[in-house]
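Asks:
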Amino acid sequence: MESLSLTLGIWRAMRRQVVRLAPLEACGLLAGMNGRVELRIGVRNADQSPARFHMEPLEQWRAFQRIESAGLELLGIYHSHPRGPDRPSPTDIAEAMYPVVQIIWYRQDGKWRARGYRIEAGRVGEVALELVGNE
Ligand SMILES: [Zn+2]
């Protein structure tokens, strides 16, 4: 299975954002090199909805600029499903625009968890999320 490596620090920062914004969907970008995430950028959900997200366009553009100027590449897009499920929705599948790992945060037994997916031409495959190092 394909995998994406994340530090515990980035993992926790994503989770903090997801927890803080629930019950609305939270979203953001992950960038790095060689399948290893080095930068997380939270982006405002322009929809402010518990059931869908669209990244606020100007913030998303700024995030892409930041990634590019850091010499990194976009590796992942994350968003939360405060009301589930643990996998991409039909809308997520239809609207997947970038060939990167899609991370879905969801709640199970009162705990937030995340799973990774790759969506290509309407097909969904799971990507292993690997926690590495400390920060
Ligand atoms: Zn979704």
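Note that my numbering gives residue 12 to position 12 of the sequence shown, counting from 1, and the numbers run on in steps of one. The beta-carbon is built from N, C-alpha and C at its ideal position, and this holds for glycine as well. Just so it is clear, the structure is predicted and the values come from calculations on it, not from any experiment.
Looking at M144: is its Cβ nearer than 8 Å to the Cβ of E126?
Replies: Missing from the structure shown is residue 144; the chain here goes from 1 to 135 and no further.
Asks: I'd like the list of long-range same chain contacts for W11, defined as Cβ closer than 7 Å, with 5 residues on each side in sequence excluded.
Replies: Closer than 7 Å at the Cβ level, and outside the excluded window around W11, lie L131.
Asks: Using the beta-carbon count (16 or more within 10 Å), is P88 buried or exposed?
Replies: buried
Asks: Under 8 Å Cβ to Cβ from R83, same chain only, skipping five residues before and after it: list those, please.
Replies: A distance below 8 Å between beta-carbons, with the five flanking residues on each side excluded, links R83 to the following residues of its chain, in chain order: P23, P50 and A51.
Asks: Looking only at its chain, what residues have a beta carbon closer than 7 Å to the beta carbon of M33, apart from the 5 residues adjacent to it on each side?
Replies: Excluding residues within five positions, the ones whose Cβ falls inside 7 Å are L72 and E73.
Asks: For ligand 1, any of its heavy atoms closer than 7 Å to the Cβ of I10?
Replies: no
Asks: Is R40 closer than 8 Å to A70 when the C-beta atoms are compared?
Replies: no
Asks: Could you tell me the alpha carbon to alpha carbon distance between P85 and Y106, rounded to whole angstroms?
Replies: 7 Å
Asks: Given a threshold of 16 other Cβ atoms within 10 Å of its Cβ, counted over all protein chains shown, does S80 qualify as buried or as exposed?
Replies: buried
Asks: Please list, in chain order, all residues of the same chain as F53 whose beta carbon is under 7 Å from its beta carbon, the five residues on each side excluded.
Replies: E25, C27, N45, D47 and H79
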